[in-house]
Every structure is written in structure tokens, then in C-alpha cells.
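In numbering that gives the first Met the number 0, the protein residues as written are 0 to 70.
Note that CB positions come from ideal geometry on N, CA and C, so glycine has one too.
One structure below.
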Amino acid sequence: MNPFVEENCLLVDFVSVKQNAVKALQKIDRKIEIASVHPMHEPRVKSVEGFPVVFIIIKKLKPSKIDWLAA
Numbered sequence: 000m001n002p003f004v005e006e007n008c009l010l011v012d013f014v015s016v017k018q019n020a021v022k023a024l025q026k027i028d029r030k031i032e033i034a035s036v037h038p039m040h041e042p043r044v045k046s047v048e049g050f051p052v053v054f055i056i057i058k059k060l061k062p063s064k065i066d067w068l069a070a
């Protein structure tokens, strides 16, 4: 995935099961920020509209593009 990821970008995954996704994202050898989004709904819904999501900050740079997530 390294050749396809630009430096200083924010890369976000949107998956329910985090373990493998986070491991793969942490292997990216670039100066990037990484956040993982966890949808808080059952698997059979047709849309995430109206459901809460959890943002998990995996890797943060200084200065950060994702500080607004913690606000």
C-alpha cells in the first residue's frame, strides 16, 4: 500500500473488526495520520445515517490534521 499513500495525508478505515485493519495500517511506512472508524450498528442496516460512529486515532502527526476528532 505504501506506493499509493501520499505523505501527510489522513488515511481512515471504516470497518467493524479492527484487529487486521489496524495491523495493516500500522505497517505503512509513510509520514501519515491514521484513524479508524467503527460503526455502532448491527450488520444488517442499509445505511449508517443516524447511527453513532467511534473515531479511534491510530497515528497522529504534529501538527495534526485530526485534532478536530478529539473536540
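Cα-Cα, which of the options is closest to residue i?
i: Lys58; options: Phe13, Glu5, Lys45 and Val21; result: Val21
i: Val14; options: Phe3, Val47 and Lys61; result: Val47
i: Pro2; options: Asp12, Gly49, Val16 and Arg29; result: Arg29
Buried or exposed: where does residue i fall if 16 or more other Cβ atoms within 10 Å of its Cβ makes it buried?
i: Pro5; result: Note that residue 5 is Glu in the sequence shown, not Pro. Glu5 should be labelled exposed.
i: Ile55; result: exposed
Which residues mark the beginning and the end of the alpha helix (DSSP H) in which residue i is found?
i: Lys22; result: Gln18 to Gln25
Only counting the same chain, and skipping five residues up and downstream in sequence, which positions put a Cβ closer than 8 Å to that of residue i?
i: Leu10; result: Val4, Leu24, Ile27, Ile31, Glu32, Ile33 and Ala34
Should residue i be listed as close to the ligand PLP, given that the test is whether its C-beta is under 7 Å from any heavy atom?
i: Val52; result: The ligand PLP is absent from the structure shown, which contains no ligands of any kind.
The beta strand (DSSP E) spanning residue i covers which residue range?
i: His37; result: Glu32 to Pro38
i: Ile55; result: Val52 to Lys58
i: Asp12; result: Leu9 to Phe13
In chain order, what residues of the same chain lie with their CB nearer than 6 Å to the CB of residue i, ignoring the 5 residues before and after it?
i: His37; result: Val53
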